[in-house]
Every structure is written in structure tokens, then in C-alpha cells.
Amino acid sequence: MKENGGKRTRGHGNKGAGGNVRGGRAANGGNSARAQRQRGANAPRAHRDERPQSQLQAGGGLPACSVARQCGACQHVNEPYQQQLAAKDQRVAKLFSQVAGPEALRPILGMDNPCRYRNKVMSPFAPGRLQKAPKQQRGQRGGKRPSRPAAPQCDILCGMYAAGTHRIIDTSECLIENAQAKQVIRTVRSIMLKFGIEPYDEDRGTGFMRHAVVRVGHTSGEVLVTLVTNAREFPGAKGFCRELVRRCPFITTVVQNINERQTNVVLGQREQVLYGPGFILDELCGLSFRISSQSFYQVNSVQTEVLYRQAIKLASFTGAEHAIDAYCGTGTIGLVAASMGAAQVTGVDCVESSIRDARQNARHNGVDNAQFVVGDAGAFMRDMAAEAAAAGRAGVDENGRPLVLLMDPPRAGSSEEFLHAAVQLAPSRIVYISCNPETQVRDLAFLRQFGFEVRVVQPVDMFPHTDHIETIALIERA
């Protein structure tokens with residue numbers, strides 16, 4: 268399952284920890300052409316409807332977004348939500364008609380309240396217009412000029428990148444982002460102005476503060492703030508954190524991430540804890556997960572629970588199965604499976620830091636029937652299938668336990684190597700979670716050639732108001 272626009276920006280078997288600034292905009296490997304950002308740093312703020320936000324109404328009685336056209340991240344935010352769900356059902360039916368019968372299609376699972384669901388909020392900072400100096404600095408009594416006038420200070424822009432550009436749109440009243448997280452972003456900007464901290468100028472590579480990334484624990488309420496800076500030294504860091512926590516007392520930890528490269532990638536590799544433990548805890552499907560600045564964690568916790576519980580239900584664990592969690596990331600779905608009926612779970616991912624997090628999460632939850640290994644998912648499956656073939660067994664592990672394959676590949680889908688190995692391994696069931704139904708349908712068509720049938724297709728609306736659809740497919744041998 269991939270975060271919309273940046274949830275796992277990786278190749279096969281890779282679950283990266285970076286992330287775009289929502290909606291496919293260029294915060295992490297996005298469009299960096301100067302021609303598309305010529306209005307960037309000094310662009311005026313977008314025009315906003317002057318009526319209070321609460322008086323604006325979209326279809327279906329939901330609040331309306333006044334910057335939807337300029338931002339472009341939520342393509343359908345001002346459409347009735349039930350209409351959005353119906354349109355997604357139609358898209359799924361059309362896509363899957365080539366690999367599944369109509370009896371396999373289930374209605375999409377939407378949200379009761381499709382607002383403020385994003386628990387991860389990210390904002391760039393950039394220089395805006397020059398601010399006028401105070402009167403006493405522009406001239407003294409008697410018409411005399413000050414001997415050393417203060418340098419004019421730039422305004423600081425924050426918010427979201429407009430789709431396909433690096434032009435920042437003020438989205439202080441975003442309808443899908445967590446309200447506390449948005450408050451933190453605005454407060455960081457305010458303190459930057461107070462302390463005279465320069466925002467990063469991506470064209471010149473100058474300035475100090477690049478981004479703020481805020482994660483909010485949906486269940487725990489804990490808040491992690493990551494300040495991405497253009498240098499290691501952070502003069503006045505203690506005072507900055509003290510002021511930030513004073514204004515936002517719900518913050519539980521602050522981390523400085525250092526990114527000195529001229530790049531669209533948001534996070535650097537080095538970081539240091541400025542306040543608190545450096546991580547937060549949150550609960551998902553009855554398990555507790557440790558979340559750090561680099562951790563992959565779903566941004567819509569409500570729908571993540573829906574997705575995972577549906578996947579586990581389709582896997583039909585009886586307590587006897589060995590589940591293979593391919594593209595496991597930090598182990599969330601595998602650990603849920605281990606706690607909800609799988610006898611054994613083996614997770615694989617090629618990102619070493621993700622596997623470290625998975626092992627830590629297993630220890631933290633006392634889960635002893637799950638193991639996690641670093642490796643390419645395709646190569647791992649190939650070796651496992653070859654070992655099973657050499658032993659003359661198919662569909663079971665070395666202890667005779669039925670195999671169930673859980674797979675959640677990146678947007679590009681699975682490789683043919685992986686799918687060939689899955690066919691050879693012959694699991695009793697495959698539960699395929701996808702953030703890209705187009706590539707999922709391609710992979711399902713491949714599996715059909717080898718006698719696998721799609722029994723169930725369950726769409727889940729992970730990102731309301733966007734074009735994104737998450738789908739779970741249950742595949743079994745015919």
C-alpha cells in the first residue's frame with residue numbers, strides 16, 4: 268500500500284522512507300525543471316475566497332476547499348463523497364473485467380468522515396516577498412537615516428506545492444490534513460520569522476530551514492516533528508524547541524534531519540534528537556508500532572485498519588499456515604497476520620532500515636512467530652521455490668504448513684521473476700494488496716495463465732478526494 272504520491276517511492280522490493288509533499292508534487296524526486304518553478308520563491312500567495320472556510324460548501328454538505336484548483340492534490344475534494352465512491356467502483360469494475368467476473372467485485376469501503384485523515388503533514392519553506400522594515404528603521408526623527416539600517420527580511424512561504432511545479436500554495440485550511448499537524452507547520456514558520464531563521468532557497472542552495480514533517484499518532488496522540496535543515500549546526504536550537512513546545516504543548520518529540528544536498532529528496536541521512544525520545548508510538552490493529560522520522564507508516568490510520576483487517580480476513584488463517592509477507596516494509600501487515608492466526612510469518616524487504624524497524628516492532632509487541640530478512644523479494648521467492656522443488660514439495664513449507672502469500676508491491680507491481688516463483692511455490696492462497704490497480708491487473712493476468720483465479724476484489728478508499736484506489740485481490744488455484 269503506497270502513500271498517495273509518495274508513500275513508497277521505490278523499485279521492486281524497496282520501501283523507501285522519504286515521501287513527496289502530497290499529490291505527486293516534487294518534494295521527493297518530483298519535477299525540478301526551472302521552467303516549471305520560475306514563479307516559485309517570490310510567487311504571490313494564491314487568491315483565496317474571502318468567505319470564512321466554514322461558510323464554503325462542497326457537494327454533499329462537506330466543507331469546500333478554496334484552493335483546490337491552485338493546489339491540485341485532491342482532484343475531487345469539492346465533489347459529493349458518495350459520488351466519488353461510485354466513480355471509483357466503476358473504475359475498478361472496468362479495470363478488473365479482464366481478469367475477474369462480476370461476482371468477485373465488492374463495493375469500495377469508504378470513510379465515515381473523509382476529512383483530516385492525513386496523520387503525516389509535510390511543508391517546504393521558501394523565501395517570499397521582502398517585508399517592509401519598521402518605520403523606526405526606515406528613518407529617524409528629523410529626516411535622518413539610520414547609520415546602519417537593518418537588512419529587510421523576507422516573508423516565509425509554506426504550504427503545498429502546486430501540482431507539477433515548485434510554486435507554494437498556502438494550504439493552511441487543508442481539509443484532509445491533521446489539524447494539529449497544520450498548527451505545528453504554521454508555528455514553525457512563525458518562530459522562524461521571530462528568530463530570523465532563513466528558509467531554504469532551492470535555486471541558490473542557500474538558507475537554513477528546508478521542510479517540516481509532522482507525524483501524529485492516530486491512537487496515541489503523540490506528535491513527532493522533524494525539522495529538515497540545510498546545515499548541521501542549528502544555532503539557538505534549544506530556544507527554538509522550547510518556543511515550539513510552549514506554543515504546541517502536544518508535541519512529544521523534535522528531531523533535526525540534516526540534508527545539505529541540492530536535491531528534491533526531502534530527508535537526509537543524518538539526524539539528531541533535539542527534544543524528547545526521537546520517536547512516537549501508535550497503535551494499529553491492536554499492535555503498537557514505533558515511528559521515527561525515517562519510518563514508513565501509513566498516513567490514513569483509519570483506513571489502514573480497514574485494509575489490513577480485510578486482507579487478514581481474505582487470507583483465512585486457521586492457525587496452521589506459514590505466511591510469506593513479500594515487500595514487507597516495517598512489518599505492519601506481517602505482524603498483524605502473526606497476531607491474527609498465522610502460525611509463522613516470514614517477511615522480506617530489500618531496505619535494511621525497514622527490516623530493522625520490523626524486527627524492533629516484533630520485539631516491542633512480543634511477537635515471536637515472525638521473522639524478517641533483508642533481500643530482494645523476487646530473489647527470495649525464487650530461492651524458496653527452488654528449495655521446495657528440490658525437496659519435492661509444493662504449497663507447504665519444510666514443516667508441512669500450508670503457505671499463504673501476502674504481497675504488497677510498489678506501484679510498478681511485481682517482477683515476472685517474482686510471479687514465476689509464486690507459481691512454482693504454489694501457495695494455497697495469494698492476498699495481493701495494491702496501490703496501483705493497473706499494474707495489479709497486469710500481474711493477475713499473468714497468474715491466470717498458470718491456473719490461478721481471482722476470487723475476490725475488495726477496493727478500499729485510502730485517500731478520499733483523490734484518484735487513488737487501493738485494492739485487495741484474493742487469488743486461488745482454479
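Residue numbers (our numbering): 268 to 745. No residue lacks a Cβ here, since even glycine has one placed at the ideal position from N, Cα and C.
Cβ-based neighbour list, residue i, same chain, cut-off 7 Å, excluding 5 preceding and 5 following
i, result
"residue 554", "602, 603, 606 and 632"
"residue 366", "708, 711, 712, 715 and 721"
"residue 610", "586, 587, 588, 589, 636 and 668"
"residue 684", "645 and 649"
"residue 438", "334, 338, 426 and 427"
"residue 300", "Unreliable positioning characterises residue 300 in this predicted model, as indicated by a pLDDT of 35, which lies under 50. A coordinate reading is not provided."
With 16 other Cβ atoms within 10 Å as the buried cut-off, status of residue i
i, result
"residue 390", "buried"
"residue 379", "exposed"
"residue 473", "exposed"
"residue 484", "buried"
"residue 318", "Residue placement at residue 318 is flagged as unreliable, the pLDDT there being 32, under the threshold of 50; the coordinate-derived value follows with that caveat. Exposed, by the Cβ-count rule."
"residue 274", "Reliability fails at residue 274, whose pLDDT of 38 lies under 50, so the model's placement of it is uncertain and the value that follows must be treated cautiously. Label assigned to residue 274: buried."
"residue 357", "exposed"
"residue 489", "buried"
"residue 374", "exposed"
"residue 656", "exposed"
"residue 571", "buried"
"residue 530", "exposed"
"residue 335", "buried"
"residue 350", "exposed"
"residue 513", "exposed"
"residue 344", "buried"
"residue 546", "buried"
"residue 506", "exposed"
"residue 640", "exposed"
"residue 477", "buried"
"residue 565", "buried"
"residue 466", "buried"
"residue 454", "buried"
"residue 471", "exposed"
"residue 630", "exposed"
Beta-bridge pairing of residue i - partner residues as DSSP gives them
i, result
"residue 639", "614"
"residue 390", "479"
"residue 421", "397"
"residue 724", "372 and 740"
"residue 385", "444"
"residue 624", "DSSP, once it has assigned bridges, lists no residue as partnering residue 624."
"residue 468", "473"
"residue 783", "Beyond the ends of the chain as shown, which are 268 and 745, falls residue 783; an answer cannot be given."
"residue 719", "744"
Same chain, Cβ closer than 6 Å to residue i, neighbours up to 5 away in sequence not counted
i, result
"residue 322", "At residue 322, the pLDDT of 36 sits below 50, so the modelled position is not reliable and the matter cannot be decided from this model."
"residue 726", "359, 375, 736 and 738"
"residue 693", "661 and 662"
"residue 681", "710"
"residue 448", "388, 481 and 483"
Spatially closest choice to residue i from the options, by CA coordinates
i, options, result
"residue 342", "387, 356 and 429", "429"
"residue 643", "658, 608, 556 and 688", "688"
"residue 736", "533, 344, 377 and 398", "377"
"residue 388", "732, 335, 425 and 662", "425"
"residue 440", "433, 431, 434 and 451", "451"
"residue 520", "552, 597 and 481", "481"
"residue 559", "691, 640, 493 and 652", "493"
"residue 216", "597, 577 and 383", "No information on residue 216 is available, as it lies outside the stretch 268 to 745 that the chain covers here."
"residue 433", "697, 622, 505 and 392", "392"
"residue 634", "599, 620, 583 and 651", "599"
"residue 675", "544, 591, 561 and 368", "591"
"residue 383", "671, 445 and 363", "445"
"residue 743", "354, 670, 654 and 701", "670"
"residue 518", "501, 617 and 548", "548"
"residue 596", "573, 580, 608 and 625", "625"
"residue 690", "617, 652, 658 and 664", "652"
"residue 647", "696, 608, 700 and 593", "593"
"residue 701", "561, 363 and 436", "363"
"residue 561", "468, 532, 695 and 574", "532"
"residue 540", "508, 552, 515 and 550", "508"
"residue 612", "618, 740, 638 and 621", "638"
"residue 538", "522, 544 and 550", "522"
"residue 703", "723, 629, 457 and 734", "734"
Cutoff 8 Å; reference residue i; Cβ partners in own chain excluding five residues on either side
i, result
"residue 309", "Interpretation of residue 309 is limited by its pLDDT of 36, a score under 50 that renders its predicted location unreliable; no figure is taken from the coordinates."
"residue 498", "475, 525 and 527"
"residue 745", "718, 719 and 720"
"residue 535", "495, 524, 525, 526, 527 and 528"
"residue 398", "419, 420, 421 and 422"
Item to check | Whole alpha helix (DSSP H) elements within the segment 424-464, 4-residue minimum | outcome: 446-462
Item to check | beta strand (DSSP E) runs contained entirely in the segment 537-619, provided each spans 3 or more residues | outcome: 537-542, 547-551, 554-558, 589-593 and 611-616
Item to check | Complete beta strand (DSSP E) runs within the segment 485-539 (minimum length 3 residues, chain order) | outcome: 490-496 and 520-525
Checklist entry - Going along the chain, which unbroken runs of the beta strand (DSSP E) with 3 or more residues stay wholly within the segment 655-710? => result 670-674 and 696-701
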